[in-house]
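Q: So the sequence shown is residues 0 to 215, counted in numbering that gives the first Met the number 0.
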Amino acid sequence: MHSINLVVAADQNHGIGINNDLPWNIPIDLKYFNDLTKSQLLEPNQKNKIHDKRLMNACIMGRNTWESIPSKFRPLKGRYNIIVTRNKTNLKDIPTLYKDTTVVESMEDAIHHIQRINTTPSESIMIRNVFVVGGSSIYQMALDLPHHLVRVFITRIENNSVKKCDVFFPALISKHGKFVRQSYEKLQSLCEFPVPKGVIEQEDGIKFEFQLYERE
Ligand SMILES: NC(=O)c1ccc[n+]([C@@H]2O[C@H](COP(=O)([O-])OP(=O)(O)OC[C@H]3O[C@@H](n4cnc5c(N)ncnc54)[C@H](OP(=O)(O)O)[C@@H]3O)[C@@H](O)[C@H]2O)c1
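(1) For the alpha helix (DSSP H) containing Asn33, name the first residue and the last one.
(2) Just how far apart, CA to CA, sit His13 and Asn117?
(3) Assuming Cys58 contacts Val132 under a Cβ cut-off of 8 Å, what Cβ separation, rounded to an integer in Å, is found between them?
(4) Classify Glu66 as helix, strand or coil using the three-state DSSP reduction.
(5) Using the DSSP secondary-structure output, state which residues sit across from Asp20 in a beta bridge.
(6) Do you know whose CA, among Gly204, Phe167, Val179, lies nearest Asn18's CA?
(7) Ignore the nearest five residues each way along the sequence and tell me which others in Lys91's own chain have a CB closer than 8 Å to its CB.
(8) How should Asp165 be labelled, buried or exposed, when 16 other C-beta atoms within 10 angstroms of its C-beta is the threshold for buried?
(9) Enumerate, from N- to C-terminal direction, the unbroken alpha helix (DSSP H) stretches of 4 or more residues contained entirely within the stretch 48 to 135.
(10) Would you check whether ligand 1 has a heavy atom nearer than 7 Å to the C-beta of Arg85?
(11) Closer than 7 Å: is that where the CB of Asp34 sits relative to any heavy atom of ligand 1?
(12) Compare the C-alpha of Ile25 against each of Ser38, Lys37, Ala8 and name the closest.
(13) Starting from the C-beta of Ser123, find all residues in its chain whose C-beta is less than 7 Å away, skip the five residues before and the five after it, and write them out in chain order.
(14) Any heavy atom of ligand 1 closer than 7 Å to the Cβ of Arg214?
(15) Is the separation between the beta-carbon of Asp20 and that of Ile156 shorter than 8 Å?
(16) Please tell me whether, using a cut-off of 7 Å, the distance from the CB of Asp92 to the nearest non-hydrogen atom of ligand 1 is below it.
(17) Count the C-beta pairs between the stretch 136 to 147 and the stretch 65 to 78 that are closer than 8 Å, then say yes if the count reaches three, no if not.
(18) Would you decide whether Thr154 is buried or exposed? Buried here means 16 or more other CB atoms lie within 10 Å of its CB.
(19) What separation, rounded to the nearest whole angstrom, lies between the Cα atoms of Lys185 and Gly61?
(20) Where Ser182 and Ile126 are concerned, what is the direct C-alpha to C-alpha distance, given to the nearest angstrom?
(21) Decide if Pro193 is buried, meaning its Cβ has at least 16 other Cβ atoms within 10 Å, or exposed.
(22) In chain order, which continuous runs of the alpha helix (DSSP H) of length 4 or greater are located wholly inside the stretch 152 to 204?
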């Protein structure tokens, strides 16, 4: 595994959600989320050597985030969905009900699960990139991973949300190193799809920008 990638949209006050839903409707950001989490990050030295397996990215999420995804979009299609809960028994039916979906009891379990898939010859899939997609405490656990490369793909929303958020993105601080903003060119060079540049304004006045941070 080459990197751990966090994907988040956060407002000026670091708000990310309200009533287990998103506080805003930003179609361009939803498309960006889908493009990013489905595509291959163009990382140096990464080669797909295994041709007889389905290559997929993994999305790791907390149980609330899983439940916040509208049922027709759940599981996130074309991605391996990993749901983190403290009580697997409550979610024991999920892997049977949904293809390419599993339930784990910690972030470490999620990483081990991915490593096991990637080192088991009889597995039909191979996990390519790993995206942590929320919510709050799951992001915090990912920021604290002693992994050599933790990246944050943040959609920085410049407005205060009209709705007052009740869930927040943690401070971009890690005991393993400082997070530094990277250039737009670096962000675009990682993505195999065109990333809109600069601040975008929607008709409803919401302004946002796609940004990349990496741990030093
Ligand atoms: N703006 C964005 O980019 C974005 C992205 C994702 C989500 N969101 C929003 O964020 C909200 C959901 O996030 P959230 O922070 O409330 O919840 P969450 O992180 O998605 O899920 C919380 C649940 O995860 C499990 N969990 C948390 N820490 C754990 C640990 N250390 N070990 C094992 N399991 C653990 C627990 O599940 P159990 O209770 O089952 O034990 C906990 O109740 C929604 O409003 C959603 O729309 C926004």
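For every residue, glycine included, the Cβ atom is placed at its ideal position computed from N, Cα and C.
A: In terms of the structure at hand:
(1) Position 34 of the sequence shown holds residue 33. Start and end: 26 to 37.
(2) As a first step, residue 13 must be located in the sequence shown, where it is residue number 14. As a first step, residue 117 must be located in the sequence shown, where it is residue number 118. Those two C-alpha atoms are separated by around 34 Å.
(3) Here residue 58 corresponds to residue number 59 of the sequence shown, with the count starting at 1. Here residue 132 corresponds to residue number 133 of the sequence shown, with the count starting at 1. At roughly 5 Å, the Cβ-Cβ gap stays under 8 Å, so Cys58 and Val132 are in contact.
(4) In the sequence shown, the residue the question calls residue 66 occupies position 67. Glu66: helix per DSSP, three-state reduction.
(5) Position 21 of the sequence shown, counted from the start, is the residue given in the question as residue 20. DSSP lists Ile17 as partners of Asp20.
(6) Sequence index remark: in the sequence shown, residue 18 carries index 19 (1-based). Closest by alpha carbon: Phe167.
(7) One-based indexing of the sequence shown puts residue 91 at position 92. So the qualifying residues of the chain are Val102.
(8) Here the question's residue 165 lines up with position 166 in the sequence shown. Flag for Asp165 reads exposed.
(9) 62 to 67, 93 to 96, 106 to 118
(10) The residue labelled residue 85 in the question sits at position 86 within the sequence shown. Checking the Cβ of Arg85 against ligand 1 gives yes.
(11) Residue mapping note: residue 34 aligns to position 35 of the sequence shown, counting from 1. It does not: the Cβ of Asp34 is nowhere closer than 7 Å to a heavy atom of ligand 1.
(12) Looking up residue 25 in the sequence shown gives position 26. If we check each option's Cα against that of Ile25, Ala8 comes out closest.
(13) Position 124 of the sequence shown, counted from the first residue, corresponds to residue 123. So the qualifying residues of the chain are Lys52, Arg53.
(14) Taking the first residue of the sequence shown as 1, we reach residue 214 at position 215. No - ligand 1 has no heavy atom lying nearer than 7 Å to the Cβ of Arg214.
(15) Looking up residue 20 in the sequence shown gives position 21. Looking up residue 156 in the sequence shown gives position 157. No, the pair does not count as a contact, with Cβ atoms beyond the cut-off.
(16) Translated into positions along the sequence shown, residue 92 becomes position 93. Not under cutoff, so the answer is no.
(17) no
(18) Mapped onto the sequence shown, residue 154 falls at position 155. Thr154 is buried by the Cβ-count criterion.
(19) In the sequence shown, the residue the question calls residue 185 occupies position 186. In the sequence shown, the residue the question calls residue 61 occupies position 62. Lys185 and Gly61: Cα-Cα distance of roughly 29 Å.
(20) Here residue 182 is taken as the residue at index 183 of the sequence shown, counted from 1. Here residue 126 is taken as the residue at index 127 of the sequence shown, counted from 1. Ser182 and Ile126: Cα-Cα distance of roughly 27 Å.
(21) Translated into the one-based positions of the sequence shown, residue 193 becomes position 194. Exposed is the call here.
(22) 183 to 189
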